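**Q** When the letters of the sequence shown are read in order and numbered with my numbering, they come out as residues 1 to 547.
Backbone N, C-alpha and C fix where the C-beta goes; we use that ideal spot for every residue, glycine too.
Treat the numbers as computed from the prediction; the structure is a model and nothing was measured.
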Amino acid sequence: MQLSTTTGIVIFENDKPTLKETISDAIQSGIKNMDNINLSDQTLTGIDLSGISLSGAYFKDASITDSKFIACKFEWADFALASFDKCDFSKSEFIEPYFSKANFKDCSFRDSMIKGQTYTNYDSVIFNGSDMTGVRMRKINFNQCDFGGVSMQQSVLHQIEFRDCHVSDMSLKKSFLSSVQACNDNFGDINLEGIIANSCDIKGLQDNTDLEFLPKPFNIETENKITVYRYNYGNTSPFRSSYNWDYESKAVSTKSGFGIYGYTPDMSGCRNISIGQLGSNVRNKISHTIESLRKSQVIIELEVDKRKVLHKGNDEIAFSECNIIGLVTPKDFILKNYPQCKALLDLYDKAMDNPDLYGNQYIQEEQMQCGQLRNLERKLNTSNLEIQASQFEIIKTYSINNSKPSDIHGLSHWKNVERNAILLAEKTGADLQALKVFAYVHDMCRENDGGDPDHGLRASRYLKKYAVTFLNGMDDSIIHRLCFACEHHTDMQRSGDLLIDTCFDADRLDLTRVGITPDPAKMATDVGAYYAANPDIYKAEIKKVQL
Numbered sequence: 001m002q003l004s005t006t007t008g009i010v011i012f013e014n015d016k017p018t019l020k021e022t023i024s025d026a027i028q029s030g031i032k033n034m035d036n037i038n039l040s041d042q043t044l045t046g047i048d049l050s051g052i053s054l055s056g057a058y059f060k061d062a063s064i065t066d067s068k069f070i071a072c073k074f075e076w077a078d079f080a081l082a083s084f085d086k087c088d089f090s091k092s093e094f095i096e097p098y099f100s101k102a103n104f105k106d107c108s109f110r111d112s113m114i115k116g117q118t119y120t121n122y123d124s125v126i127f128n129g130s131d132m133t134g135v136r137m138r139k140i141n142f143n144q145c146d147f148g149g150v151s152m153q154q155s156v157l158h159q160i161e162f163r164d165c166h167v168s169d170m171s172l173k174k175s176f177l178s179s180v181q182a183c184n185d186n187f188g189d190i191n192l193e194g195i196i197a198n199s200c201d202i203k204g205l206q207d208n209t210d211l212e213f214l215p216k217p218f219n220i221e222t223e224n225k226i227t228v229y230r231y232n233y234g235n236t237s238p239f240r241s242s243y244n245w246d247y248e249s250k251a252v253s254t255k256s257g258f259g260i261y262g263y264t265p266d267m268s269g270c271r272n273i274s275i276g277q278l279g280s281n282v283r284n285k286i287s288h289t290i291e292s293l294r295k296s297q298v299i300i301e302l303e304v305d306k307r308k309v310l311h312k313g314n315d316e317i318a319f320s321e322c323n324i325i326g327l328v329t330p331k332d333f334i335l336k337n338y339p340q341c342k343a344l345l346d347l348y349d350k351a352m353d354n355p356d357l358y359g360n361q362y363i364q365e366e367q368m369q370c371g372q373l374r375n376l377e378r379k380l381n382t383s384n385l386e387i388q389a390s391q392f393e394i395i396k397t398y399s400i401n402n403s404k405p406s407d408i409h410g411l412s413h414w415k416n417v418e419r420n421a422i423l424l425a426e427k428t429g430a431d432l433q434a435l436k437v438f439a440y441v442h443d444m445c446r447e448n449d450g451g452d453p454d455h456g457l458r459a460s461r462y463l464k465k466y467a468v469t470f471l472n473g474m475d476d477s478i479i480h481r482l483c484f485a486c487e488h489h490t491d492m493q494r495s496g497d498l499l500i501d502t503c504f505d506a507d508r509l510d511l512t513r514v515g516i517t518p519d520p521a522k523m524a525t526d527v528g529a530y531y532a533a534n535p536d537i538y539k540a541e542i543k544k545v546q547l
C-alpha cells in the first residue's frame, strides 16, 4: 500500500494491506510532512494525522470519521465534497482551503485559524453541530452554508460575510466581530451575549468597542519598546467604524483577541500607506477628492511593549496595549523615517500647488527614484537582520543564565554548535540567525546529562512562550521550524526541511566531544554527511570559524 501525492509521487510505502495501517506506519517512521497527499475517494476511520503538515492535501469525495487532525497545517488543501464526521481539527491552520460543499458534522475546530484571501467564497459548506470555540476567521464569504447548532464562542471574525446561511442555535457569545455582514440571515435568535462588534452589518447588533483610553502611559522598559504607526481618517478607524480615538489620552488598551493594529517602519503596509499615496494624487491630476482624503489621514505614533504583541504578519502587527506618543502628518512621517525622499517630497508640494507646471516633472522624478526605493527595501531587510542579531544576544544571555551548568550539554557545546552552524550555513544557505538561536536553546532545558527524552520538547515550549519577547523580528514560519528542530533534534534523523536539518547536523557534528564519530549515513544534509565522511577537512575548516 502506498501514500501518494496528487501528482502520483510516492510519499511512503509498505507491505501493509490497508491505507490506515500505511498512514500509521508513516507517522511512526517520523514523517511530519505529507503535503499534497492524495486521500480522495477514501473511506477512513480512526486515523491520527495530528501535527502533520497537510498543505495541498486532496480530500475530495473522501469519507472520514472519528479521526484526529490536531495542530495540522492545511494550506491550499482541497476538501470539496468530502465528509468528516466527529473529527478533531483543533489548533489547526487553514490557509485558503477549498471548502465548497464539504460536510463537517460534529467536528471540532477549537482554537483554529481559517483564513481566505481577498474574500474567498465557500458555498454550501455544512458545519452542523461543530465546536468552533476560539476560532479565528478572516476574509471569507459563506454562501448558503449550515451553521446550525455551532458554538463559535470567544472567536475572532474579521471581514466575514454570511449570505443565506442557516444559523439556528448558533452561538457567538463573547466573540469579537469586525466588518462582519449577515445578508438574509436571521441572527435575531442566536446568542450574541458579550459580543464586541466593529463595523458590522447585522440586524439588531450595534457597533461597540472595548478600547479603553487612559490618562497615564504604560511603563515600558527601554529594551522592550518598539515604535508603531497606525493611521486613522480624522479621529476614526480607516475601517467603517462608529468609535473615535481620544488623542488627548496617553495610552490605550483592549481585551479583545483582535487587538489594536499598526505598522512598524520595516513593514510594507506602513510604506504603502505613507509613500504610495503621494504619487497617486499627481497621477490622478491632483484630484480634489483624493487630496482631501489624504489631508484627513492622521498618522499616530505609538509606543508598544513587544511582549504585548498578539500576532503579526508581513503588513501589520496587533497588540493589546500601547502608549500614544502623538500625531504626525504623512509628510513628517516620511521625513522622519525615510529622509532620502525629501527632494521628492519638495517636488510633490510644488506639483500640488501647480500641477500643470510640475506634475509631469514629479511623475518622472518618482519613476527615477523607484530604484532607490527598492534599495530602501533592501536596507530595511538588512536592518531587520540587525534586529535579529541583537535579539540573539539577548536569548543567548538568557539561556546561559537560566540553564544548569554542564560540561557535556552546556555552554562549550553550544558554542561548538554555533561554529558548526556558521560553517554549514555557508554551504546550505539556511538562515544563520535562526541556526544560532537553535545552538543556544536546544539543550538549555536539560535536567541532567543522561536520559532526559523531554528536554527538546521543553526547549520548544520555552521558545514558543518567549518568541514574541526574544524573536520579534523573526518570521513566524522560521520560529515554528526552530521549535520543531528543538523538539526533535534527538529523535529524528531528517525532516526534509533545510533549516531544521541544518540544525540537526550542527548538533551532530559535535558528537566527538563525547567520543562518538559522526556517521555520514545518519546526517540530515549532504553537507553534514560530507564533513562527517571527511573529518580532516572538517577540522581544518572549523578552526577558521570565529564567533
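1) Report yes if the C-beta distance between Thr502 and Ala439 is below 8 Å; otherwise report no.
2) Using CA coordinates, which residue listed in Asp88, Glu93, Ala540 and Asp169 is at the minimum distance from Gly149?
3) According to DSSP, what are the bridge partners of Asn196?
4) In its own chain, which residues sit with a C-beta less than 7 Å from the C-beta of Val545, not counting the 5 before and 5 after it?
5) Do Phe218 and Glu301 come within 8 Å of each other at the CB atom, strictly closer than that value?
6) I'd like to know whether the C-beta atoms of Asn323 and Ile220 end up nearer to each other than 8 Å.
7) Lys139 and Gln159: beta carbons closer than 8 Å?
8) Buried or exposed for Gln28, please, with buried defined as at least 16 other CB atoms from any protein chain shown within 10 angstroms of its CB.
9) Let me confirm a value: Leu293 is counted as buried when at least 16 other C-beta atoms fall within 10 Å, else exposed. Which label applies?
10) Kindly list the residues whose CB is nearer than 6 Å to the CB of Asp443, restricted to its own chain and excluding five residues on each side of it in sequence; keep chain order.
11) How would you write the range of the beta strand (DSSP E) that Ile500 sits in, first residue to last?
12) Any chance the segment 450-466 sits against the segment 516-536, with 3 or more Cβ pairs inside 8 Å?
13) Exposed or buried, Asp507, counting other C-beta atoms within 10 Å across all chains shown (16 or more means buried)?
14) Could you compute how far the alpha carbon of Thr18 sits from the alpha carbon of Val514?
15) Ignoring anything shorter than 3 residues, give me the beta strand (DSSP E) runs that lie fully in the segment 20-100, in order along the chain.
16) Please name the residue in Gly496, Glu487, Asp88 and Ile196 whose C-alpha comes closest to that of Ser155.
17) Measuring only the C-alpha atoms, how far is Tyr233 from Asp356?
18) For Glu193, count neighbouring C-beta atoms within 10 Å of its own C-beta (all shown protein chains included) and say buried if the count is 16 or more, exposed if not.
19) Using the beta-carbon count (16 or more within 10 Å), is Tyr538 buried or exposed?
20) Give me the Cα-Cα distance between Thr65 and Asp449, rounded to the nearest whole angstrom.
21) Checking the sheet assignment: what are the DSSP bridge partners for Glu321?
22) Decide if Gly134 is buried, meaning its Cβ has at least 16 other Cβ atoms within 10 Å, or exposed.
23) Pick out whichever of Val437, Ala62 and Thr517 has its Cα sitting closest to the Cα of Cys483.
24) May I ask you to report which of helix, strand or coil DSSP gives Gly262?
25) For the candidate residues Gln181, Phe74 and Phe69, whose alpha-carbon lies nearest to that of Gly56?
26) I'd like to know whether the C-beta atoms of Ile70 and Ser90 end up nearer to each other than 8 Å.
27) I believe Lys250 touches Glu303 by the beta-carbon criterion, under 8 Å. Please report the beta-carbon distance rounded to the nearest angstrom.
**A** The relevant details are as follows:
1) What you label residue 502 is simply residue 502 of the sequence shown in a count that begins at 1. What you label residue 439 is simply residue 439 of the sequence shown in a count that begins at 1. Not in contact: Thr502 and Ala439 (Cβ atoms no closer than 8 Å).
2) Taking the sequence shown and counting its residues from 1, one reaches residue 149 at position 149. Of the candidates Asp88, Glu93, Ala540 and Asp169, the one whose C-alpha sits nearest the C-alpha of Gly149 is Asp169.
3) Position 196 of the sequence shown, counted from the start, is the residue given in the question as residue 196. According to the sequence displayed, residue 196 carries Ile and not Asn. Per DSSP, Phe176.
4) Walking along the sequence shown from the start, residue 545 turns up at place 545. Excluding positions up to five away in sequence, the list reads Arg419, Ile422 and Leu423.
5) Translated into the one-based positions of the sequence shown, residue 301 becomes position 301. Translated into the one-based positions of the sequence shown, residue 218 becomes position 218. Cβ distance not < 8 Å, so Glu301 and Phe218 don't count as in contact.
6) The sequence position of residue 323 within the sequence shown is 323, counting from 1. The sequence position of residue 220 within the sequence shown is 220, counting from 1. A contact, by the Cβ cut-off of 8 Å.
7) Indexing the sequence shown from 1 puts residue 139 at position 139. Indexing the sequence shown from 1 puts residue 159 at position 159. Yes, the Cβ-Cβ distance between Lys139 and Gln159 is below 8 Å.
8) Taking the sequence shown and counting its residues from 1, one reaches residue 28 at position 28. Classification for Gln28: exposed.
9) For the purposes of this step, residue 293 is taken as residue 293 along the sequence shown, with counting starting at 1. In this prediction, Leu293 has a pLDDT of 41, which is less than 50 and means its spatial position is unreliable; nothing more can be read from the coordinates.
10) Stepping through the sequence shown from its first residue, residue 443 is reached at position 443. The answer, listed in chain order, is His409.
11) As a working mapping, residue 500 is identified with position 500 in the sequence shown. Per DSSP, Ile500 belongs to no beta strand (DSSP E); it is in the alpha helix (DSSP H), Leu498 to Arg508.
12) no
13) For the purposes of this step, residue 507 is identified with residue 507 of the sequence shown, where counting begins at 1. By the 10 Å Cβ count, Asp507 comes out buried.
14) By 1-based counting over the sequence shown, the position of residue 18 is 18. By 1-based counting over the sequence shown, the position of residue 514 is 514. So the two alpha carbons sit approximately 44 Å from each other.
15) 43-45, 63-65, 73-75, 83-85 and 93-95
16) The count along the sequence shown starts at 1 and reaches residue 155 at position 155. Among Gly496, Glu487, Asp88 and Ile196, the Cα nearest to that of Ser155 belongs to Ile196.
17) Along the sequence shown, one-based indexing puts residue 233 at 233. Along the sequence shown, one-based indexing puts residue 356 at 356. C-alpha separation (whole angstroms): 29 Å.
18) In the sequence shown, residue 193 corresponds to position 193, counting from 1. By the neighbour-count rule (16 or more Cβ atoms within 10 Å), Glu193 is not buried but exposed.
19) Position 538 of the sequence shown holds residue 538. So Tyr538 ends up on the buried side.
20) The residue given as residue 65 occupies position 65 in the sequence shown. The residue given as residue 449 occupies position 449 in the sequence shown. Taking the straight line from one Cα to the other gives about 44 Å.
21) In the sequence shown, counting from the first residue as 1, residue 321 sits at position 321. Answer by DSSP bridge pairing, in chain order: Ser253.
22) Residue mapping note: residue 134 aligns to position 134 of the sequence shown, counting from 1. So Gly134 ends up on the buried side.
23) As a position in the sequence shown, residue 483 is number 483, starting the count at 1. When each option's Cα is compared against that of Cys483, the closest is Val437.
24) Residue 262 sits at position 262 when you count from the first residue of the sequence shown. Of the three classes helix, strand and coil, the one that applies to Gly262 here is strand, per DSSP.
25) Taking the sequence shown and counting its residues from 1, the one referred to as residue 56 is at position 56. With distances taken between Cα atoms, Gly56 lies closest to Phe74.
26) Position 70 of the sequence shown, counted from the first residue, corresponds to residue 70. Position 90 of the sequence shown, counted from the first residue, corresponds to residue 90. In this structure, Ser90 lies closer than 8 Å to Ile70 by Cβ.
27) By 1-based counting over the sequence shown, the position of residue 250 is 250. By 1-based counting over the sequence shown, the position of residue 303 is 303. Rounded, the Cβ-Cβ distance is 10 Å, inconsistent with contact.
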